[in-house]
Each structure stands twice: as structure tokens, then as C-alpha cells.
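Protein chains in written order, with UniProt numbering: chain A, 1 to 97; chain B, 1 to 97. Quick reminder that beta carbons are idealized off the backbone N, C-alpha and C, glycines included.
Number of protein chains: 2
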Amino acid sequence: MFRHVVLFRWTEDATDEDKERVARELRALPETISEIRAYHVGHDAGVNQGNYEFAVVADFDDTAGYLVYRDHPAHRAVIDKYINPYVAARAAVQYEL
Amino acid sequence: MFRHVVLFRWTEDATDEDKERVARELRALPETISEIRAYHVGHDAGVNQGNYEFAVVADFDDTAGYLVYRDHPAHRAVIDKYINPYVAARAAVQYEL
Chain A
1 MFRHVVLFRW
11 TEDATDEDKE
21 RVARELRALP
31 ETISEIRAYH
41 VGHDAGVNQG
51 NYEFAVVADF
61 DDTAGYLVYR
71 DHPAHRAVID
81 KYINPYVAAR
91 AAVQYEL
Chain B
1 MFRHVVLFRW
11 TEDATDEDKE
21 RVARELRALP
31 ETISEIRAYH
41 VGHDAGVNQG
51 NYEFAVVADF
61 DDTAGYLVYR
71 DHPAHRAVID
81 KYINPYVAAR
91 AAVQYEL
């Protein structure tokens, strides 16, 4: 398995609705991108200070499956319309499970 | 389920052995900390530029299980001895699955 992890911090002008829309739009992607094996996104629970605000953890059979997701038009549309306008910081890793 | 995600960038003086030791020491923790339900750590695969270098994704039944892990002496010892000396950047999120 091949795992993609990305964490975000949002800009100060991002509203709660903007943040919830990111989660909603991403959660619809597994219906469209069949290479996704597991997909869990969520807002930081507020347990620790200094955290990022939002997480995406997505699993694929292999690197090729991840690349289909990364470059899929439905995913790019969510990134361009709903994520990029509000990104203050981004941290990502892909790794073999 | 409650998921903990943390990504690291290492300092320039961290050797490959230092980085591999972090992975090895962390992977031993599920034997000691019974609250861990799933635990996958790994080095960035090098697919994308600008990534962080190392990921930890850990799943627990609930927030209480995560807190046991967070504060467990065996975990704190790994952080103090093998992680903190080499951290250049850290990004974390905990969220409900």
C-alpha cells in the first residue's frame, strides 16, 4: 500500500463554511476516483496547541494509484477552487505502508 | 476511532542512520502501548518536491487512547532521545475518523 498524508493551516479569512466545504468536497472524491482504497479527512480536534488545522490521509495500492488521484481533474478542481484560496501552510508526505 | 498524524522535517546534520533509528524505535512502540490500534510510520517516497521527510499515522479507539500514547514514558523517551535532536519542522493534526 502507498499512503498520502497532507496537513493544512488555513488563512485567517477562511470561514467555518469554507473549511467545512473542503472536507465535504474531498469526501466526495472516492466515488469518482476508483484508485482510492481508504480516505479519511478531518478537522483538528483541538487536543494539542500549535497543530495544523486539517488532515487528509489517503491509501492506494501503489504509487501509480496515488498519481491518478493527485492528477485527477476532479481532485485538481477541489484543490483549485476550495483549497488553494485558503492555504496558509501545507505539509505533505507520501510513504510505503 | 481517533487518528494522530505528525510529519517531520529533519535537520541537515541528521544522518540516514539517525532517521532510520527514529522509524525503528517508533515501530517498537505498539508492543509496549496497548492502546495503539494501527501504527504506520515511514520516510517520504520522494515522489513530490517540497515534502516533509517522515510521517507517523497512529489510530486509537478514542481521545483517551491517544493521550495514553502521547504521554507514555516509552514514547516520550523516543521523542527526547531520537526525534527532538533532529527536528527542523513538525506539523501535526489529531482528528476523529
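Where residue i falls, given that 16 or more other Cβ within 10 Å makes a residue buried
i                     : result
E31 (chain B)         : exposed
N84 (chain A)         : exposed
D59 (chain A)         : buried
L26 (chain A)         : buried
E53 (chain B)         : buried
Q49 (chain B)         : exposed
D80 (chain B)         : exposed
D13 (chain B)         : exposed
residue 174 (chain A) : Limits of chain A in this structure are 1 at one end and 97 at the other, which puts residue 174 (chain A) out of reach.
A77 (chain A)         : exposed
A92 (chain A)         : buried
G46 (chain A)         : exposed
Supposed contact pair residue j and residue i - C-beta distance, whole angstroms, cut 8 Å
i             : j             : result
I33 (chain B) : H75 (chain B) : 7 Å
I42 (chain B) : A28 (chain B) : Here residue 42 (chain B) is Gly; the residue named in the question, Ile, does not match the sequence. Not a contact, Cβ separation roughly 15 Å.
R90 (chain A) : V6 (chain A)  : 7 Å
V57 (chain B) : V22 (chain A) : 20 Å between Cβ atoms; not a contact.
G65 (chain B) : E96 (chain B) : At roughly 12 Å, the Cβ-Cβ gap does not stay under 8 Å, so G65 (chain B) and E96 (chain B) are not in contact.
Y86 (chain B) : D18 (chain B) : 6 Å
R37 (chain B) : D62 (chain B) : 10 Å between Cβ atoms; not a contact.
Counterpart residues of residue i in DSSP-defined beta bridges
i             : result
E96 (chain A) : A:F2
| field | the region 1 to 19 of chain A: positions lying closer than 7 Å to chain B by Cβ | value | R3, V5, L7
| Looking at chain B, which residues of the region 18 to 35 of chain A have a Cβ within less than 9 Å of any of its Cβ atoms? | none
| task | May I ask you to list, following chain order, the residues of the region 77 to 97 of chain A that have a beta carbon less than 8 Å from some beta carbon of chain B? | result | A89, A91, A92, V93, Q94, Y95, E96, L97
| request: Jot down the residue ranges of each uninterrupted alpha helix (DSSP H) in the UniProt domain "Stress-response A/B barrel" (2 to 95) of chain B, minimum 4 residues, whole runs only, in chain order. | output: 16 to 27, 29 to 32, 63 to 71, 73 to 78
| field | Residues within the region 52 to 63 of chain A neighbouring chain B, beta-carbon criterion of under 8 Å | value | Y52, E53, F54, A55, V57, T63
| said: Along the region 34 to 50 of chain A, where does the CB come closer than 9 Å to a CB of chain B? Name the residues. | reply: H40, V41, G42, H43, D44, A45, G46, V47, N48, G50
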